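Trainee: Chains C and W, in that order, give the protein sequences.
First residue of the first sequence: 1, per the working numbering; consecutive thereafter.
First residue of the second sequence: 261, per the working numbering; consecutive thereafter.
C-beta atoms are modelled at their ideal positions from N, C-alpha and C, and glycine is treated no differently.
Note that the structure is predicted; figures quoted are calculated from it, not measured.
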Amino acid sequence: MPRERVYRTEAVVLRRSDWSEADRLLTLLTPGGKRRVVAKGARKTISRLAGHIELFCYTTMLLAVGRTFDIVTQSAVRQSYERLRGDLQRISAAYYTAELIDRLIGEDDENPLTFELLVETLGALDSTRAIDLTLRYFELRLLGNIGYRPRLHNCANCQQTLGEDAKRFSTTAGGVLCPRCENADRRALPMSLGAFKLLRYLQTQSAQAVEQMTLSESLRHEVEQLLRAYLRQVLERDLKSVAFLDDVRTDPQGDHHGLH
Amino acid sequence: MSYSNENQLLVEPVAKLIEQFGRLPGVGPKTASRLTFFLLRAPEEQTKALSEALAGLREGVRFCRRCFNIAVDELCVYCASPNREQRLICVVEEPLDVLAIERTGSYRGVYHVLHGRIAPLEGMNREDIYFDELIERVRNEPTEEVIIATNPNTEGQATAFYIQRALAPLGVRATQLARGLPTGGDLEWADPATLGSALEGRREF
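1. Would you please verify whether the beta carbon of W:Gln306 is less than 8 Å from any beta carbon of chain C?
2. Could you check what DSSP says for W:Tyr422 in three-state terms: helix, strand or coil?
3. Is the region 123-136 of chain C in contact with the region 88-98 of chain C, if contact means three or more CB pairs nearer than 8 Å?
4. Note down the Cα distance separating C:Ile105 from C:Ile146, rounded to an integer number of angstroms.
5. Listing by chain order, which chain C residues have their CB less than 8 Å from the CB of W:Asn400?
6. With 16 other CB atoms within 10 Å as the buried threshold, where does C:Val65 fall?
7. So, are the CB atoms of C:Thr30 and C:Arg36 less than 8 Å apart?
8. Excluding the 5 residues flanking W:Pro355 on each side, which residues of the same chain have their C-beta closer than 7 Å to its C-beta?
9. If you run the structure through DSSP and keep just helix, strand and coil, what is W:Gly431?
10. Since W:Lys276 is in the alpha helix (DSSP H), which residue starts that stretch and which ends it?
11. I believe C:Leu122 touches C:Tyr81 by the beta-carbon criterion, under 8 Å. Please report the beta-carbon distance rounded to the nearest angstrom.
12. With distances taken Cα to Cα, identify the nearest neighbour of C:Leu143 among C:Val77, C:Thr114, C:Ala22.
13. Are C:Tyr137 and C:Leu202 close, meaning C-beta to C-beta below 8 Å?
14. Starting from the beta carbon of C:Tyr95, find every residue of chain W whose beta carbon is closer than 7 Å, and list them in chain order.
15. Say whether the region 401-414 of chain W touches the region 341-357 of chain W, bearing in mind that this needs 3 or more beta-carbon pairs closer than 8 Å, one atom from each stretch.
16. Which residues in chain W sit within 8 Å of C:Ile46, going by Cβ to Cβ distance?
17. Starting from the C-beta of W:Ala428, find all residues in its chain whose C-beta is less than 8 Å away, skip the five residues before and the five after it, and write them out in chain order.
18. Could you name the residues of the region 411-445 of chain W whose beta carbon sits closer than 8 Å to any beta carbon of chain C, in the order they occur along the chain?
19. Output yes if chain C places a C-beta closer than 8 Å to the C-beta of W:Pro342; else output no.
20. What number of angstroms, rounded off, separates the C-alpha of C:Ala156 from the C-alpha of C:Val223?
21. Any beta carbon of chain W sitting closer than 8 Å to that of C:Glu21?
22. With 16 as the cutoff for other CB atoms within 10 Å, does C:Val12 come out buried or exposed?
23. Quick check: is the beta carbon of W:Thr364 nearer than 8 Å to any beta carbon in chain C?
24. Could you please tell me which residues of the region 280-299 of chain W, in chain order, have their CB closer than 7 Å to any CB of chain C?
25. Give me, in chain order, the residues of the same chain whose beta-carbon lies closer than 8 Å to that of W:Tyr390; leave out the 5 immediate sequence neighbours on both sides.
26. Taking Cβ positions only, does C:Phe244 come closer than 8 Å to chain D?
27. Does the Cβ-Cβ distance between W:Asn400 and C:Glu54 come in under 8 Å?
28. Tell me, to the nearest whole angstrom, how far the beta carbon of W:Thr307 is from that of W:Glu353; I am working on the premise that it is less than 8 Å.
29. Closest Cβ-Cβ distance between W:Pro355 and chain C: below 8 Å?
30. Step through the CB atoms of chain C and report whether any lies within less than 8 Å of the CB of W:Asp204.
31. Is there a Cβ from chain C that is less than 8 Å from the Cβ of W:Thr403?
32. For C:Phe56, return the contacting residues in chain W, with the cut-off set at a CB-CB distance below 9 Å.
33. Give the straight-line distance between the Cα atoms of C:Thr73 and W:Ala450, rounded to the nearest whole angstrom.
34. Taking only three categories from DSSP, how would you classify W:Cys336?
35. Taking only beta-carbon atoms, is C:Gly66 less than 8 Å away from chain W?
36. Please decide whether C:Tyr91 counts as near chain W, where near means a Cβ-Cβ distance under 8 Å.
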């Protein structure tokens, strides 16, 4: 795709690392895919850019085409998700979404739907009461966007329409198995009817729908574990941010609001 | 890489030094050769002083056993000083941050250097920094206040929350550096987050 020397794009900052003396290397998600760019001088306190390229910020950027990496010339924050930043659990959830996207979306891999999904999810994480369900919604949608949509309405093995008697989730087949196909994958995970219904619901409803739900802790945990197992299958590795996500959730204090 | 081929054209000691310089952060191949050739022409005392300084770095420097700042003795200068308020601990990410705070000239307490921050995406978790050591220290030493001075960005903030959460049950006062506008800055160019916290933290004249 031929590009102008300077171009404008919307972007969300997924990762940041130090680069050279005072620069930062950013990994962005843009509607045009993932992109690695350099922000010059952004580590200096007086940098005009610094506050506009913070992790998880949704921005409009002006980028200049560079030799190895494009260079950020301007950045203006559209959403900075302040509430998310003030809460350890929400931050850990945002880390998780960023890592999933970083792993699953390739460089210059055009995917405007996933960009919209990320912006929507960060917005939801900023305000939701149900952080975990928002993440489940995100996982299901992201998997769908990249062609790994879990099969929840037809058997992942024989395509038969699934009824309420389905009890197995196969990570290798990529979805739920009907009772007759249960032996197709011996390692298929057991799944309760409640979990099955919740997965279906999250796959088809909007992000706001999770706000009204009251669900048992065990059901939430079961669905989380099912999707985690499936993601591990897709990624062929563990995610680094999962340990942190689990760590900050088991809070001895029951206090999720940092210093203020 | 064409560059390493180029290095083979040089005599070994020169190529070796270029390679070593090239491993330093922020130094590319061109800078590495410029430094090397500068030293090649420099007076002998200068190169000798440099090599002695390098050798001394490994031998003479270690981490303070209490705060993990760089030190010559078992305790760093701040931990060993009788003039320092030992019940006031300022938590920073890197030894360089200690210098930055010292430069203000207005801090009289001691430090704790984490040597990093919690950044799950970079593979940095609590066990990769001196976090447990800090909690242990606060538990065992009479401490009045812990000032959390991690960097004012998302990772630093997450680390600050994480520390605060662990300190809460210990009944120690935990504070955080204020956030606001830099001296010499321009309101027009301030980002909303910084300007917001500057407004929140405004002071009576």
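Mentor: Answer, in terms of the structure:
1. no
2. Looking at W:Tyr422 - three-state DSSP - the assignment turns out to be helix.
3. yes
4. 8 Å
5. In chain order: nothing, as chain C lies at least about 19 Å away.
6. exposed
7. no
8. Asn329, Ile330, Val373
9. coil
10. 272-282
11. About 6 Å separates the CB atoms of C:Leu122 and C:Tyr81; that is less than 8 Å, so the two are in contact.
12. C:Thr114
13. yes
14. Pro380, Leu381
15. Verdict: yes, contact present.
16. Pro442, Gly444, Gly445
17. Cβ neighbours of W:Ala428 within its own chain (closer than 8 Å, five residues either side excluded): Ala434.
18. Asn413, Thr414, Glu415, Gln417, Ala418, Ala420, Phe421, Tyr422, Gln424, Arg425, Ala428, Pro429, Ala434, Thr435, Gln436, Pro442, Gly444, Gly445
19. no
20. 18 Å
21. yes
22. buried
23. no
24. Gly286
25. Phe328, His372, Val373, Leu374, His375
26. Considering every chain present, this structure includes no chain D. Its protein chains are C and W.
27. No, Cβ-Cβ distance for W:Asn400 and C:Glu54 is not below 8 Å.
28. Contact doesn't hold; Cβ gap of about 34 Å is too wide.
29. no
30. Because chain W spans 261 through 465 in this model, residue 204 of chain W falls outside it and cannot be assessed.
31. no
32. Thr414
33. Between the alpha carbons of C:Thr73 and W:Ala450 lies a gap of roughly 16 Å.
34. In the displayed model, W:Cys336 falls within coil according to three-state DSSP, outside both helix and strand.
35. Cβ-Cβ to chain W under 8 Å: no for C:Gly66.
36. The sequence given here places Ile at residue 91 of chain C; Tyr does not occur at that position. Yes, C:Ile91 counts as interfacial toward chain W.
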